[in-house]
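Take a look at the structure set out below.
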Amino acid sequence: MKKMNVKQLTTIGILSSLCVILSMFAYFPLVPAVPWLSYDPKDIVIVIGGFIYGPYAAFFMSAIASLLEIVFKGGTLIDVLMNVISTCAFACIAAYIYKKNHTKNGALIGLVCGILCTTACMTIWNYIVTPIYYQMPREAVVSMWLPGIVLFNLLKAGINAGVTLFLYKSVVTILRRTNLVEKGNSHQKAGSTFIVLGLFITVTLICIVLSIQGII
Numbered sequence: 044m045k046k047m048n049v050k051q052l053t054t055i056g057i058l059s060s061l062c063v064i065l066s067m068f069a070y071f072p073l074v075p076a077v078p079w080l081s082y083d084p085k086d087i088v089i090v091i092g093g094f095i096y097g098p099y100a101a102f103f104m105s106a107i108a109s110l111l112e113i114v115f116k117g118g119t120l121i122d123v124l125m126n127v128i129s130t131c132a133f134a135c136i137a138a139y140i141y142k143k144n145h146t147k148n149g150a151l152i153g154l155v156c157g158i159l160c161t162t163a164c165m166t167i168w169n170y171i172v173t174p175i176y177y178q179m180p181r182e183a184v185v186s187m188w189l190p191g192i193v194l195f196n197l198l199k200a201g202i203n204a205g206v207t208l209f210l211y212k213s214v215v216t217i218l219r220r221t222n223l224v225e226k227g228n229s230h231q232k233a234g235s236t237f238i239v240l241g242l243f244i245t246v247t248l249i250c251i252v253l254s255i256q257g258i259i
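In case it helps, the numbering used here puts the sequence shown at residues 44 to 259.
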């Protein structure tokens, strides 16, 4: 792990604070079958931070944001554990692959692997934790896998991936102009293709969510 300088730590601190703000004021359910699972966009910020500084930064941001959520929103250590596992399975995997293959294809492969990994991890961990946390039989959790837990995590991670593709270049540009990120920290030159792809994925998945909820 490369030692971070003050500027990098400051940027990670700012991004972590943004994660907490987003998780406090922008959260909503995606799938009616699992109303206790809500979406918030903090993973978008974390994976962008991971793309810039690597998977360790994504892990630190996830841990900091999850702990601060308890302070400001309330919750338990189980909530912290589930948040960290979910975020790291998505953001750390994506950032690790992108670090190893620092290209547009590397970013795409990383995000796809992150979607699959977080869906698999959270399906397993919800099977373990949900019966304890909500005092329900494991058979009930299994019955919610496909119509609820798996679908929720696919939609959540998919939306995060789409918005990341759409916003990454703009966010990095802003951070560079404010001298918070040096040019050497991010080599990807995401063009209009990534922006269009990200917008298409995001809009498509949002339409699916609205359809599932009976809004459209």
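Ideal Cβ placement from N, Cα and C applies to all residues, glycine included.
**Request:** Can you tell me the Cβ-Cβ gap for isoleucine 249 and leucine 208, rounded? I've got them flagged as a contact below 8 Å.
**Result:** Incorrect: roughly 14 Å between the Cβ atoms, too far for contact.
**Asked** Per DSSP, what kind of secondary structure is proline 190 in: helix, strand or coil?
**Response** helix
**Prompt:** Quick one: any contact between the region 130-137 and the region 146-164, if contact means 3 or more CB pairs under 8 Å?
**Reply:** yes
**Asked** What are the start and end residues of the alpha helix (DSSP H) that includes histidine 168?
**Response** In the sequence under discussion, the amino acid at residue 168 is tryptophan, which differs from the histidine named in the question. Taken as a continuous stretch (DSSP letters only), the alpha helix (DSSP H) holding tryptophan 168 covers 147-177.
**Asked** For isoleucine 107, which residues from the same chain have a beta carbon less than 7 Å from its beta carbon, with the 5 sequence-adjacent residues on both sides left out?
**Response** Ser59
**Item:** Closest Cα partner of methionine 165 within the set Met179, Val214, Val185, Met67
**Value:** Val185
**Prompt:** Between Val77, Ser81, Phe103, Trp79, which lies nearest to glycine 88 when the distance is taken from Cα to Cα?
**Reply:** Looking at the sequence itself, residue 88 is valine, so the reference to glycine does not match. Of the listed residues, the one whose Cα sits closest to valine 88 is Phe103.
**Message:** DSSP three-state label for tyrosine 139, please.
**Reply:** helix
**Request:** Tell me whether threonine 161 is buried or exposed, calling it buried when 16 or more other Cβ atoms sit within 10 Å of its Cβ.
**Result:** buried
**Prompt:** For phenylalanine 103, which beta-bridge partners are listed by DSSP?
**Reply:** Paired residue(s): none; phenylalanine 103 is not in a bridge.
**Message:** Under 8 Å, with one C-beta from each stretch per pair, do the region 71-83 and the region 187-195 reach the 3-pair mark?
**Reply:** yes
**Request:** Would you mind sorting tyrosine 96 into buried or exposed? The rule is 16 or more other CB atoms within 10 Å of its CB.
**Result:** buried
**Request:** Can you check DSSP and say which residues form a bridge with phenylalanine 71?
**Result:** Tyr82
**Message:** For valine 246, tell me which candidate among Thr146, Cys62, Val206 has the shortest Cα-Cα distance.
**Reply:** Val206
**Prompt:** Relative to the alpha-carbon of leucine 65, which residue among Thr119, Glu112, Gly241 has its alpha-carbon at the smallest distance?
**Reply:** Glu112
**Reduced DSSP category for proline 265 - H, G, I as helix; E, B as strand; rest coil** = This structure does not reach residue 265, given that the chain is present from 44 up to 259, and the question cannot be answered.
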